[in-house]
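In my numbering, the protein residues as written are 683 to 988. Report on the structure given below.
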Amino acid sequence: MKQSSQQSQGLLLFKLTLQQTFALGTLKVREIIPYQHLTILPQSHPYVIGSTPFRGKTIPIIDMACAVGYRSIQKEEYKQCFIIVTDCQRQLVGFLVRKIDRIIECNWRNIHPAPTAVGRSAYVLGVTEFEKQMVQLIDIEMLLSHIYPTSEDHLHANIDAADRAKLREHRILVVDDSSVARRQLSEALEYVNVPFEVCADGSTALEMMLKSTATDNSIDILVSDIEMPGLDGYELAFEVRSHPNIAKSYIILHTSLSSEISVDRAHQVGANEALTKFDAAELIQGMLRGANHIENGTVSAGVAGR
C-alpha cells in the first residue's frame, strides 16, 4: 500500500458572479466546453435551461448561478459563458457558469467548513483561500438532489431476516459531509432496521474508530464519502489501515464520483470497495459482503470484497 497522498485532486475555479470565486473538485469534472446552442426541454426544472449534445449523448444544462441563489445568467451573456460537464451521481450534467478561472492544486486538509457569514451557504461545502481570495466549494450533491430527487426505489432496499440479523451484529459508522447524503444513508439503514452511527467529517470518524477499540466494541464497517474538507475519504481509509487496532475494519468508499479513477485510488489507499451514490440495494449488499469478511477474518486492504 502506498504511503499516503494528501493530494487527492485539484480544484476547478470559476465565477458565478463578477466578484466571488467558486470551485468544484476536479474528479467530478468530465470536461469544460464553450457555450453551445441549447434545445429547450419541455416541463423541465426551472434551473434547467436546455440540453446540448455531448460526445454522443444529450445532457441537461443547469444555470448554476440561478440554482444556488444568484442572478440568473441572461441569454445575451451565454456566448461568453462556459459549460462544466460533470460526472456525478450516475449522470452527466452540464453547468453553465459565467467564467472559468483556472485549475489549482489543493490539499483538502486546507478546506474548512463554511463560516456562517457565507451567503447561501446551504450550497457551500467548505471554503479555502487562493491568492488571498476566499474560494467556496459548491455542494453538487445538494444542488442535484433538489433538481433530480433520488427515487424511492434507490433509497430503499429489501433484505431478509437473516441478512438483517447479520448486519445488526456489526457496528457500522457512516461519514459524509453532505447533509443530503447523510439523510439518504440514514433513510436506507433505518428502512431495513439496522442500527448505525453517523458523523460529518473524516477526522471525527477516525477519532470515533480509535476510541471504539478502548471499549472492546470496535467499528466493523466504515462507509465514507471521498470528497470531504479536512480529512478526505482516501486519507481516512489510509489512516484506518495504518492503525493496527482498527486496520481490520471493512471500508466502503461511497461516492458521487463515477470515474474508474476513484475506484482504483480507493483500492490503493486500502479501501475494500468503492460504490457510486445512491443505490440502497448496492450499499446494503456491500455491507453484507463486509460482514461476511469480518466474520471470516478475511478483510484484505485494497481488495474488493465479492
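Backbone N, C-alpha and C define an ideal beta-carbon position, used for all residues, glycine too.
Under 8 Å between C-beta atoms of R737 and I755:
No; because the gap between Cβ atoms is not below 8 Å, this pair is not in contact.
Mapping DSSP to helix, strand and coil, what is L720?
Coil at L720, not helix or strand.
M816 classed as buried or exposed, judged by whether at least 16 other C-beta atoms fall within 10 angstroms
Around the beta carbon of M816, a 10 Å sphere encloses fewer than 16 other beta carbons of the protein chains shown; the residue is thus reported as exposed.
Cβ distance (whole Å) where M746 is taken to contact F777 below 8 Å:
Contact holds; Cβ gap of about 4 Å.
Report the three-state DSSP secondary structure of C748 (helix, strand or coil).
Residue state, collapsed to three classes: helix.
Who are the near neighbours of Q689 in its chain, counting only those whose CB is closer than 7 Å to its CB and skipping five residues on each side?
Only weak support exists for where Q689 lies, its pLDDT of 46 falling under 50; the value from the coordinates is given anyway. E787 and N789.
Euclidean distance between Cα positions of T937 and Q866
Straight-line Cα distance between these residues: approximately 13 Å.
Reference S860; option with closest CA among V730, R850 and L826:
The shortest C-alpha separation from S860 is found at L826.
Please state whether DSSP places E955 in a helix, a strand or coil.
Note: E955 maps to strand in three-state DSSP.
Contact the region 870-887 vs the region 831-844: 3+ CB pairs below 8 Å
Contact holds between the region 870-887 and the region 831-844, because three or more Cβ pairs, one in each stretch, are under 8 Å apart.
Is G707 near I785, with beta carbons less than 8 Å apart?
Taking 8 Å as the Cβ cut-off, G707 and I785 do not qualify as a contacting pair.
What residue does the alpha helix (DSSP H) around A973 start on, and which one ends it?
Segment A962 to N978, the alpha helix (DSSP H) holding A973.
Looking at V905 and C881, is the spacing between their C-beta atoms short of 8 Å?
Pairing C881 with V905 gives a Cβ-Cβ distance that is not under 8 Å.
Cβ-Cβ distance between P742 and L807 below 8 Å:
8 Å or more divides the Cβ of P742 from the Cβ of L807.
Within 10 angstroms of the Cβ of N954, are there 16 or more other Cβ atoms? Answer buried if so, exposed if not.
By the neighbour-count rule (16 or more Cβ atoms within 10 Å), N954 is buried.
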